[in-house]
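Everything below concerns the one structure shown next.
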Amino acid sequence: MNSIREYFYLSSGYGAGICIILIMLIILAQIVGRMLGFIVPSAEDFSGYCLAAATFLGLAYTFRTGGHIRVTLLIHRLPEKAARLAEALVLLLALGLTSFMSFYSIHLIWESYVFNDVSYGYIPIPLWIPQIPLGVGCVALNIAVLDDFIGMLRGRDPSYLAHEDELKLEES
Amino acid sequence: MEITALSIILALFMLIVLAAGLWVSLSLLAVAIFGLYLSGNDQIGLLFATSSWGASTAWSLTALPMFIWMGEILFRTRLSEDLFKGLSPWLSKLPGKLLHVNILSCGIFAAVSGSSAATAATIGRMTLPELKAQGYSERMAVGTLAGSGTLGLLIPPSIILIVYGVAAEVSIARLFIAGALPGLMLVILFMGYTAVWASFNRDELPRGDERSISLTEKIVALRKLLPIVGLILFVLGSIYGGFTTPTEAAALGVFGALVLALLTGTLSIESFKQSLLGAVRSSCMIGLILVAAHFLTLAMGFLGIPRELAQWIGGLSLNTFELLLYLTVLFVILGCFLDGISVVVLTVAVVLPLIQQANIDLIWFGIYIVLVVELSQITPPVGFNLFVIQALTGKDILYVARAALPFFMLILAAILLISWFPQIVTYLPQTMTRG
Chain C
295 MNSIREYFYL
305 SSGYGAGICI
315 ILIMLIILAQ
325 IVGRMLGFIV
335 PSAEDFSGYC
345 LAAATFLGLA
355 YTFRTGGHIR
365 VTLLIHRLPE
375 KAARLAEALV
385 LLLALGLTSF
395 MSFYSIHLIW
405 ESYVFNDVSY
415 GYIPIPLWIP
425 QIPLGVGCVA
435 LNIAVLDDFI
445 GMLRGRDPSY
455 LAHEDELKLE
465 ES
Chain E
12 MEITALSIIL
22 ALFMLIVLAA
32 GLWVSLSLLA
42 VAIFGLYLSG
52 NDQIGLLFAT
62 SSWGASTAWS
72 LTALPMFIWM
82 GEILFRTRLS
92 EDLFKGLSPW
102 LSKLPGKLLH
112 VNILSCGIFA
122 AVSGSSAATA
132 ATIGRMTLPE
142 LKAQGYSERM
152 AVGTLAGSGT
162 LGLLIPPSII
172 LIVYGVAAEV
182 SIARLFIAGA
192 LPGLMLVILF
202 MGYTAVWASF
212 NRDELPRGDE
222 RSISLTEKIV
232 ALRKLLPIVG
242 LILFVLGSIY
252 GGFTTPTEAA
262 ALGVFGALVL
272 ALLTGTLSIE
282 SFKQSLLGAV
292 RSSCMIGLIL
302 VAAHFLTLAM
312 GFLGIPRELA
322 QWIGGLSLNT
332 FELLLYLTVL
342 FVILGCFLDG
352 ISVVVLTVAV
362 VLPLIQQANI
372 DLIWFGIYIV
382 LVVELSQITP
392 PVGFNLFVIQ
402 ALTGKDILYV
412 ARAALPFFML
422 ILAAILLISW
432 FPQIVTYLPQ
442 TMTRG
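Those protein sequences? They're chains C and E, same order as listed.
The number in our numbering is simply the position in the first sequence, starting from 1, with 294 added.
The number in our numbering is simply the position in the second sequence, starting from 1, with 11 added.
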């Protein structure tokens with residue numbers, strides 16, 4: 295069970311990583327193309343889609359590893375019991391908000407599909423296709439929050455806590 | 012509902028969820044939903060979905076993960092060591108000697124990295140043990156590192172300037188170039204202060220080792236700096252010259268960093284994976300904050316809060332100086348509890364109408380806000396540079412903050428200087444042909 299879970303979160307991270315590599319390749323292709331005199335069609339559209347995919351696909355991994363920032367000044371100073379209660383409430387609120395995100399991102403994909411929305415660029419692309427990672431990423435984040443919330447109710451510490459005190463780079 | 016009451020309720024709600032420890036991005040989302048709900052909007056979910064899609068596919072934002080990844084790759088190379096060895100022979104005659112290595116290495120690393128925490132960590136890991144071993148004042152070693160680590164925010168490429176540029180719809184290329192001179196000015200201020208300090212506190216510096224270093228030795232040492240200087244010239248030169256957009260320069264920079272890591276033998280499958288995952292973590296964190304902030308900006312616009320606030324402040328007939336003074340105080344207070352990027356995205360939606368109304372140049376304001384955020388990086392209780400250096404040295408945070416205090420004052424002086432002489436910021440971008 296644990297290995298499936300870790301595999302799930304890690305693939306969220308690598309999925310986003312692959313999109314970041316794709317962004318680099320698309321932009322490099324565009325530069326090379328300009329020098330050699332060919333154009334990469336809709337390069338800006340495609341790298342934008344990869345950016346959206348990278349941002350959303352990696353959310354669950356980032357959540358799991360304590361990458362999302364928050365103000366821990368208060369919560370880390372509360373007495374043990376109160377801190378757990380506050381943490382559970384925060385997770386419950388986060389669960390509500392991420393469910394909202396999941397529902398409406400799927401709704402967006404559905405609408406783009408039903409109304410046949412296409413991109414304005416050189417190559418018209420049905421928008422529901424690049425919007426899929428948005429939905430997948432939101433749902434994965436939703437699962438990650440739910441996972442920690444259930445764990446919390448069962449008396450485990452949330453996964454992100456372990457990483458929160460680590461030295462974080464690229465913070466700002 | 013009356014708009015003043017609505018604003019106060021929303022501000023309080025924001026404070027409560029942030030203080031409770033809800034993630035910054037989700038807090039912004041919660042406030043936006045709550046605000047739209049109070050105003051009786053019935054399309055909240057739809058607005059969220061379309062604004063998120065728009066915000067996350069913005070072309071200019073693609074520079075963000077690129078520059079973050081570039082920093083992550085270079086962080087895992089021997090760059091900091093090369094900087095130390097390349098610079099130290101040249102600085103042995105200046106009063107304060109190796110303390111200047113801290114400042115200059117941070118300045119140079121800042122030109123390939125967009126983050127101040129990464130700058131302080133990368134350089135400090137190398138220089139702090141060395142300075143301590145040679146008997147330099149520890150307080151000054153820590154202070155110079157804390158102060159010049161913040162250069163990562165200002166000297167291009169800068170993550171926070173990308174964030175500001177996207178939020179304020181200002182050219183990122185021009186913002187980058189605008190940051191170059193103020194960044195250089197800060198380096199000079201820091202080095203000048205260190206030299207003066209060293210002349211008065213000779214007993215806190217190591218004696219001995221007065222052997223002169225031959226010119227050939229210096230030239231050989233300089234060769235170690237070639238790769239990184241090449242990378243900087245390549246990335247910044249192509250933006251300034253208008254050959255590439257910042258996004259393209261960023262992609263080239265990643266490529267260059269990978270080649271550099273490969274040539275110096277520090278690139279392995281494992282370090283590649285780690286750098287990529289590190290980049291994912293940072294860019295997803297910032298990405299979600301930006302998506303939520305975009306939605307919040309939209310919600311604020313619907314509610315009309317920025318417009319009302321601008322009118323209200325306009326009615327007070329503050330002059331530009333007073334306006335900037337109050338804003339500085341507000342940002343420093345916010346910066347005590349939030350990180351720089353959150354401060355920028357939280358305030359830009361509300362503050363920009365004020366700035367435009369006061370006829371303040373948006374590029375100048377971007378540099379100004381970054382300098383203020385630099386201040387907040389080295390003020391307790393929440394200052395990320397303080398955290399990084401605390402982790403590096405094991406000293407407690409108040410000690411680090413005290414050591415950084417002179418540099419806090421110097422950054423404050425820099426803010427005054429760019430206010431008196433805005434040309435320091437605006438000169439270079441005005442000479443740019445494109446971008």
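By construction, the Cβ of each residue, glycine as well, lies at the ideal position given by its N, Cα and C atoms.
Contact check for isoleucine 344 (chain E) against valine 383 (chain E) fails: the beta carbons are separated by 8 Å or more. In this model, methionine 25 (chain E) and leucine 387 (chain C) are separated by some 13 Å (Cα to Cα). Judged by DSSP in its simplified three-state form, proline 420 (chain C) adopts strand. For the pair histidine 401 (chain C) and alanine 310 (chain E), the CB atoms are not nearer than the 8 Å cut-off. Taking 8 Å as the upper bound for CB-CB distance, glycine 163 (chain E) and glycine 125 (chain E) are in contact here, some 7 Å apart. Taking every protein chain shown into account, the CB of serine 286 (chain E) has 16 or more other CB atoms within 10 angstroms, so this residue is buried. Among the residues facing chain E, methionine 446 (chain C) is not included, as its CB has no counterpart in that chain under 8 Å away. The way I'd put it, the region 110–127 of chain E does touch the region 145–154 of chain E; three or more beta-carbon pairs between them come closer than 8 Å.
Between aspartate 442 (chain C) and leucine 391 (chain C), the C-beta gap is not smaller than 8 Å, which leaves the two residues out of contact. Only residues of its own chain outside the window of five on either side were considered, and among them Val177 have a CB closer than 8 Å to the CB of alanine 69 (chain E), listed in chain order. Within the DSSP bridge table, the entry for valine 412 (chain C) names C:Pro420 as partners.
Along the region 309–320 of chain C, going in chain order, the ones with a CB nearer than 8 Å to a CB of chain E are Ala310, Gly311, Ile314, Ile315, Ile317, Met318. Checking the DSSP bridge columns, you'll see arginine 364 (chain C) partnered with E:Trp34.
A buried status is given to tyrosine 204 (chain E), since no fewer than 16 other beta-carbon atoms sit within 10 Å of its beta-carbon. Residues Ile14 of the same chain have their beta carbon placed closer than 8 Å to that of glycine 315 (chain E), with the five preceding and five following residues left out of the count. When DSSP assignments are scanned along the region 156–218 of chain E, the uninterrupted stretches of alpha helix (DSSP H) that are 4 or more residues long and fall wholly within it turn out to be 162–165, 170–179, 183–211.
Between the region 406–423 of chain C and the region 74–83 of chain E, the count of Cβ pairs shorter than 8 Å is below three; the stretches do not touch.
The contact set of alanine 321 (chain E) on chain C, defined by CB atoms closer than 8 Å, is empty, because the minimum CB distance reaches about 27 Å. The three-state secondary structure of leucine 105 (chain E), taken from DSSP, is coil.
By the CB criterion at 8 Å, glycine 325 (chain E) and leucine 386 (chain E) fall outside the cutoff. The closest CA to that of methionine 318 (chain C), considering only C:Leu304, C:Gly342, C:Ser297, is found on C:Gly342. With a contact defined as Cβ atoms closer than 8 Å, glycine 431 (chain C) and leucine 353 (chain C) qualify at about 5 Å.
Residues of the region 20–42 of chain E with a C-beta atom less than 9 Å from some C-beta of chain C are Val28, Leu29, Ala30, Ala31, Gly32, Leu33, Trp34, Val35, Ser36, Leu37, Ser38, Leu40, Ala41, listed in chain order.
Buried is the label assigned to glutamine 401 (chain E), since at least 16 other Cβ atoms lie within 10 Å of its Cβ. Listed along chain C, the residues sitting closer than 7 Å to valine 265 (chain E) by beta-carbon distance are Met318. Within chain C, the residues Ala310, Thr349, Gly352, Leu353, Thr356, Gly361 have their CB atoms less than 7 Å from the CB of cysteine 295 (chain E), given in chain order. In this structure, leucine 156 (chain E) and glycine 135 (chain E) form a Cβ contact; the two beta carbons are roughly 5 Å apart against a cut-off of 8 Å.
Excluding its 5 nearest sequence neighbours in each direction, serine 413 (chain C) has C-beta neighbours in its own chain below 7 Å: Asp339, Ile419, Leu421, listed in chain order. Each of E:Leu329, E:Gly394, E:Leu338, E:Pro106 was checked against the Cα of alanine 206 (chain E), and the nearest Cα belongs to E:Pro106. Counting C-beta pairs closer than 8 Å gives three or more between the region 358–371 of chain C and the region 439–457 of chain C, which meets the contact rule. Rounded to the nearest whole angstrom, the CA to CA distance from valine 265 (chain E) to serine 71 (chain E) is 16 Å.
When the five nearest sequence neighbours on each side are left out, the beta carbons in the same chain lying within less than 6 Å of the beta carbon of phenylalanine 306 (chain E) are those of Ala43, Phe59, Ser62, in order along the chain. If you compare the alpha carbons of E:Leu373, E:Val270, E:Phe418 with that of leucine 197 (chain E), the shortest gap goes to E:Phe418.
Contact between valine 181 (chain E) and isoleucine 374 (chain E) holds, since their C-beta atoms are separated by about 6 Å, short of 8 Å. The beta carbon of valine 411 (chain E) sits closer than 7 Å to those of Val153, Ala157, Leu397, Ile400, Gln401, all from its chain and outside the five residues before and after it, given in chain order.
Beyond the five residues adjoining it in sequence on each side, leucine 39 (chain E) comes within less than 6 Å, by CB distance, of Ala303, Ala304, Leu307 in the same chain, given in chain order.
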